[in-house]
Amino acid sequence: MNALLTEAERERILAKAALFEPPAAVGADGRRDLVGLTRPELAALMTELGEKPFRAGQLWHWIYHRGETRFERMTSLGKPLAAKLEAGFTVGRPEASDQVSLDGTRKFLFRFRDGQQAETVYIPDREQDRGAVCLSSQVGCTLSCRFCHTGTQRLARNLGVAEIVGQFMGVRDAYGEWPSPQGETPRLLSTIVLMGMGEPLYNYENVAAAMRIVMDNEGIALSRRRITLSTSGVVPMMERAGAELGVNLAVSLHAVTDELRDELVPLNRKYPIAMLMDACRRYPGASNARRITFEYVMLKGVNDSEAEARALVRLLQGIPAKVNLIPFNPWPGSAFEPSSGNAVHRFARIVMEAGYSAPIRTPRGQDILAACGQLKTLSERRQK
Ligand code: SAH
Ligand code: SF4
Numbered sequence: 000m001n002a003l004l005t006e007a008e009r010e011r012i013l014a015k016a017a018l019f020e021p022p023a024a025v026g027a028d029g030r031r032d033l034v035g036l037t038r039p040e041l042a043a044l045m046t047e048l049g050e051k052p053f054r055a056g057q058l059w060h061w062i063y064h065r066g067e068t069r070f071e072r073m074t075s076l077g078k079p080l081a082a083k084l085e086a087g088f089t090v091g092r093p094e095a096s097d098q099v100s101l102d103g104t105r106k107f108l109f110r111f112r113d114g115q116q117a118e119t120v121y122i123p124d125r126e127q128d129r130g131a132v133c134l135s136s137q138v139g140c141t142l143s144c145r146f147c148h149t150g151t152q153r154l155a156r157n158l159g160v161a162e163i164v165g166q167f168m169g170v171r172d173a174y175g176e177w178p179s180p181q182g183e184t185p186r187l188l189s190t191i192v193l194m195g196m197g198e199p200l201y202n203y204e205n206v207a208a209a210m211r212i213v214m215d216n217e218g219i220a221l222s223r224r225r226i227t228l229s230t231s232g233v234v235p236m237m238e239r240a241g242a243e244l245g246v247n248l249a250v251s252l253h254a255v256t257d258e259l260r261d262e263l264v265p266l267n268r269k270y271p272i273a274m275l276m277d278a279c280r281r282y283p284g285a286s287n288a289r290r291i292t293f294e295y296v297m298l299k300g301v302n303d304s305e306a307e308a309r310a311l312v313r314l315l316q317g318i319p320a321k322v323n324l325i326p327f328n329p330w331p332g333s334a335f336e337p338s339s340g341n342a343v344h345r346f347a348r349i350v351m352e353a354g355y356s357a358p359i360r361t362p363r364g365q366d367i368l369a370a371c372g373q374l375k376t377l378s379e380r381r382q383k
């Protein structure tokens, strides 16, 4: 495969590649995946390989702007560098399979090197020719919110940077959504929501590195305004995420008293509502133009009364907020029922009359268990 290199040179490059990375990024053939390296890491790697720093920029362009996975097609690199890279490296994608819902929502199951799996959902916007990609940050979740299917799956592990970015790139591959050489830009995959499996602020370093990669202007170049991170309320990490990444914040509130929230979102026992609201008031970059979204899953007879809607309005005072009402999506064995349409509308009206936008989220992809809180990977289901 590498006529240009001797066996000894190949060995030497592999040794350097191995030095560079955690084992998870190295394939069975010993080659290291370049996806997930930050820009400075890629530049350092080029220096290691005796290449000029501008090569890192070229590679970055091919990997993240053009979506190219084969070094031989990265024409600007030249054959000798392409051969060197081929010997020690890959531009990988997680293995994907997918299911399409009747409403066009598409759920991807990604399988990573160690066999762990995570789900990613593409949600097309019906009106416009675009859509959002819902990324997972962990395999499973430690937090066990009572209404969430993912929460019934034990945390297997955090996802790595390449695995987080790889979900997005894999979905782009599936839609052929990379800019063409003629400069046509992708439109379908224009938004990222970190609302899949896992708690993104419990895997902050990897999530942050992945978001920096997708925001880099010479690559995928998504604006931070097109990225929303959803947290169940990991208070100590919220300010840092806002200051460092500047992405939109969504907070999974779901209850207006500590008594109920302790039950529904057990993390509340550690970071109760007052503390959470305080962290929201301090969230860097929130303003009337960039409001914090409060997610509220509507559970019949549990949190959907008019009194609770009024209490919610009081809680939000002084926070640039909008409310997202999520009809509960049932899953096999779940203990709750969705609120009635009437209850949801009454709740929404009270919030709206107080001056907050309060859209009711349309469930998408329920037939394939792709809606909010329904994600859970097969690997775990099979083990049971
Ligand atoms: N762990 C993060 C992000 C993933 S969950 C968080 O909790 O915010 C994304 C959203 O889906 C959260 O608001 C979560 O509370 C909500 N959700 C979980 N299970 C749900 C279900 N069964 N029906 C509707 N929404 C659900
Ligand atoms: Fe984890 Fe979010 Fe599900 Fe809670 S709602 S169990 S934090 S994924």
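Numbering follows numbering that gives the first Met the number 0, in which position 108 of the sequence shown is assigned residue number 107; successive positions increment by one, without gaps.
Ideal Cβ placement from N, Cα and C applies to all residues, glycine included.
Since the structure is predicted, the reported quantities are computational estimates derived from the model, not experimental observations.
For residue j and residue i, believed in contact at Cβ under 8 Å, the rounded distance
| i | j | result |
| --- | --- | --- |
| residue 118 | residue 376 | 6 Å |
| residue 321 | residue 292 | 6 Å |
| residue 205 | residue 170 | The Cβ separation is near 18 Å, so there is no contact. |
| residue 95 | residue 173 | 7 Å |
| residue 263 | residue 145 | 5 Å |
| residue 4 | residue 55 | The Cβ separation is near 21 Å, so there is no contact. |
| residue 286 | residue 319 | 6 Å |
| residue 247 | residue 294 | The pair is not a contact, with the Cβ atoms about 12 Å apart (cut-off 8 Å). |
| residue 61 | residue 67 | 4 Å |
| residue 305 | residue 345 | 6 Å |
| residue 88 | residue 30 | 6 Å |
Cα-Cα separation, residue i to residue j
| i | j | result |
| --- | --- | --- |
| residue 142 | residue 266 | 7 Å |
| residue 97 | residue 367 | 10 Å |
| residue 302 | residue 253 | 7 Å |
| residue 372 | residue 82 | 45 Å |
| residue 325 | residue 53 | 47 Å |
| residue 365 | residue 10 | 50 Å |
| residue 352 | residue 123 | 30 Å |
| residue 341 | residue 316 | 25 Å |
| residue 179 | residue 41 | 24 Å |
| residue 335 | residue 327 | 8 Å |
| residue 125 | residue 6 | 54 Å |
| residue 181 | residue 65 | 11 Å |
| residue 140 | residue 51 | 42 Å |
Cβ pair residue i, residue j closer than 9 Å
| i | j | result |
| --- | --- | --- |
| residue 162 | residue 79 | no |
| residue 212 | residue 218 | yes |
| residue 196 | residue 137 | yes |
| residue 166 | residue 134 | yes |
| residue 298 | residue 338 | yes |
| residue 260 | residue 271 | yes |
| residue 149 | residue 374 | yes |
| residue 384 | residue 234 | Beyond the ends of the chain as shown, which are 0 and 383, falls residue 384; an answer cannot be given. |
Residue of the options minimising C-alpha distance to residue i
| i | options | result |
| --- | --- | --- |
| residue 47 | 348, 25, 139, 84 | 84 |
| residue 214 | 204, 201, 231, 245 | 245 |
| residue 250 | 258, 61, 237 | 237 |
| residue 229 | 286, 221, 70, 201 | 201 |
| residue 90 | 108, 76, 100, 69 | 69 |
| residue 231 | 185, 59, 314, 279 | 279 |
| residue 207 | 27, 330, 129, 241 | 241 |
| residue 158 | 329, 296, 32, 111 | 111 |
| residue 103 | 185, 224, 130, 88 | 130 |
| residue 107 | 147, 235, 132 | 132 |
| residue 34 | 359, 224, 210, 277 | 210 |
Residue range of the alpha helix (DSSP H) that includes residue i
| i | result |
| --- | --- |
| residue 161 | 160-173 |
| residue 46 | 38-47 |
| residue 203 | 203-214 |
| residue 312 | 305-314 |
| residue 275 | 272-280 |
Span of the beta strand (DSSP E) around residue i
| i | result |
| --- | --- |
| residue 367 | Segment: none, residue 367 is in no beta strand (DSSP E) and carries neither H nor E. |
| residue 191 | 188-193 |
| residue 105 | 105-110 |
| residue 133 | 129-133 |
Closer than 9 Å to chain B by CB, residue i
| i | result |
| --- | --- |
| residue 266 | Note that chain B does not occur in the displayed structure, where there is just one protein chain. |
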